[in-house]
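Reading through the structure tokens given below for one structure.
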Amino acid sequence: MSGLANGRRPRTGHDWKLLKEACTALLPRLPELVDQHLRQLGEHSSVYGSVLPYDVQWREAEEAMRIGIEAISAPRASPRRDLEYAEEAGRRRAQQGLPLDLLVHSYRNAGYLVWDSLLEGTAGKDPEKLAVLMRSATMVWSAVDAQAAVASDAYRATELELRRRTDEQLQALLDALLEGRSAPGLAARAAAGLDLPEHGPYAVIVLRAERRDGREAFHRQIQRAGFRFIWRMRTDCEVGVVALGADEGLDGLARLLDGRCPGPGGISPVVAGLAELGHARRLAELALRTCPPDATGIVRLDQRMPTALVVSQPELAGRLVSEVLGEVLALEPADRAVLLETLDAWLACEGSAGRAAGRLYCHRNTVFNRLRRLEQLTSRSLARPRDLVEVSLAVEAHRLAKRQVTH
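Those letters in the sequence shown? Residues 0 to 406, per numbering that gives the first Met the number 0, in order.
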């Protein structure tokens with residue numbers, strides 16, 4: 000678990016010789032010290048025993064303490080094996096999951112044991128050696144601190160690297176799910192790593208990627224009980240996976256995002272688990288495609304189905320526009336705009352010519368006349384449901400295509 004290191008050597012050759020004799024005399028007692036060291040560590044925390052089997056702990060502790068004792072009295076120019084071993088030990092303990100404070104404690108404990116044993120071996124027997132040890136106390140304890148610091152630095156560096164690798168692995172799992180890949184156990188591994196339920200209600204949000212100030216602020220604003228968000232940034236969009244609480248649905252999610260989440264964006268329908276995130280992402284992207292380039296809101300696919308149908312079939316949408324609105328689009332721009340604006344107002348007012356007239360600041364008969372002309376140009380009757388659907392979809396397809404060209 001630990002060992003000792005030497006800092007400065009004793010100032011005189013005589014002191015060094017006496018210290019070396021004391022250290023050499025201590026080495027035969029090393030098995031006893033290791034037993035005592037591991038016993039004290041186990042009394043301090045049971046975690047030591049859970050990290051490594053006892054025989055592995057004993058072997059590593061014996062090597063570390065032996066290297067430390069030998070290093071105390073090694074010549075000044077000797078390689079610093081103690082610090083090299085401390086660096087290796089710090090990396091190993093991070094990989095094994097031993098808490099850092101227990102790693103440092105093990106070095107302190109070994110230092111006390113070796114120091115006390117050196118004093119016991121000379122006190123009352125050889126005052127001269129005892130005096131040498133007392134003069135070396137600062138050096139020895141500085142060495143213990145140095146070795147603990149080297150081990151701690153190696154531990155932290157390894158921990159950061161392990162965390163980075165873990166984050167990358169989890170991101171890769173999430174990306175695989177969002178891309179709709181199929182692999183045995185993929186959803187289960189992602190659930191365990193991300194601490195999410197494998198099965199349960201999920202939705203996906205796709206936001207158009209734009210440079211926004213306060214991006215982190217909006218992420219904080221939408222964290223609320225009943226929802227769990229995980230965000231992934233891509234080159235052209237930002238994707239949010241939302242785990243919905245048992246009592247929450249798309250209505251609650253939409254209310255939470257409204258005014259807090261920068262748009263434009265699309266929300267998928269609810270899916271039943273992590274394995275369906277790829278499907279949900281595609282549907283959320285489809286919802287986003289129904290938004291014009293200058294939109295700022297978040298839209299739900301289940302509330303934009305007609306437009307989504309048009310967007311998902313651009314070739315058929317173009318043919319629909321041509322066949323239904325061909326003669327309308329051939330009009331002068333101002334005349335064409337009046338007819339389409341009137342149709343939009345009439346549809347928004349649920350087929351009420353009077354309300355549409357109020358919105359357009361004209362007489363209701365004017366609305367009727369414009370609609371009749373539109374029927375003549377399209378060869379469709381707005382009173383016939385099927386014809387009305389065709390005209391409505393054609394207008395929506397034309398509007399989306401026009402926005403794409405403009406932007």
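Glycine included, every Cβ here is placed at the ideal spot set by N, Cα and C.
Per DSSP, Glu237 lies in no alpha helix (DSSP H) segment; the continuous beta strand (DSSP E) that holds it begins and ends at Cys236 to Leu243. Leaving aside the five residues that flank Leu17 on each side, the residues in its chain whose CB is nearer than 7 Å to its CB run, in chain order, Glu127, Lys128 and Val131. Scanning Ala24, Arg363 and Gly41 for the CA closest to the CA of Gly353 turns up Arg363. Rounded to the nearest whole angstrom, the C-alpha separation of Ser77 and Ala109 is 22 Å. In the DSSP annotation of this structure, the continuous segment of the alpha helix (DSSP H) that includes His36 starts and ends at Leu29 to His43. For Val269, there is no enclosing alpha helix (DSSP H), as DSSP gives it neither H nor E.
Around the Cβ of Asp81, a 10 Å sphere holds 16 or more other Cβ atoms; the residue is buried. Leu252 and Leu399 have their C-alpha atoms spaced approximately 26 Å apart.
Close CB contacts of Glu326 within its chain, under the 8 Å cut and outside five residues either way in sequence, are with Leu376 and Thr377 (chain order). Comparing C-alpha distances from Asp174 to each of Leu206, Gly277 and Arg254 shows the shortest one belongs to Gly277.
Contact between the region 265 to 284 and the region 366 to 374 is absent, with fewer than three C-beta pairs closer than 8 Å. Straight through space, the alpha carbons of Thr157 and Pro27 are spaced by roughly 35 Å. Within a 10 Å sphere around the beta-carbon of Tyr154 sit 16 or more other beta-carbons, which makes this residue buried.
With respect to Ala190, Val269 sits apart: the two C-beta atoms are not nearer than 8 Å. The continuous beta strand (DSSP E) containing Arg227 extends over residues Phe226 to Met232.
Setting aside the 5 residues that flank it on each side, Arg180 has no residue in the same chain whose C-beta is closer than 6 Å to its C-beta. The beta carbon of Ala307 lies closer than 7 Å to those of Leu285, Ala286, Thr289 and Leu300 in the same chain, with the five residues before and after it left out.
Per DSSP, Leu172 is one residue of the alpha helix (DSSP H) stretching across Pro126 to Leu177.
In the three-state DSSP reduction, Gly277 falls in the helix class (H, G or I). Exposed is the label assigned to Val388, since fewer than 16 other Cβ atoms lie within 10 Å of its Cβ. For Gly199, the three-state secondary structure derived from DSSP is strand. A Cβ-Cβ separation of about 15 Å leaves Ser380 out of contact with Leu346 under the 8 Å criterion.
A check of alpha carbon separations from Pro200 across Met232, Val143 and Glu247 identifies Glu247 as the nearest. In the three-state DSSP reduction, Ile204 falls in the strand class (E or B).
Cβ neighbours of Ser72 within its own chain (closer than 7 Å, five residues either side excluded): Trp15, Leu18, Lys19 and Cys22.
The criterion of a C-beta distance shorter than 8 Å is not satisfied by Ala150 and Glu61.
Less than 8 Å divides the Cβ of Gly239 from the Cβ of Trp230.
In terms of Cβ geometry, Gly264 and Ile221 do not form a close pair [threshold 8 Å].
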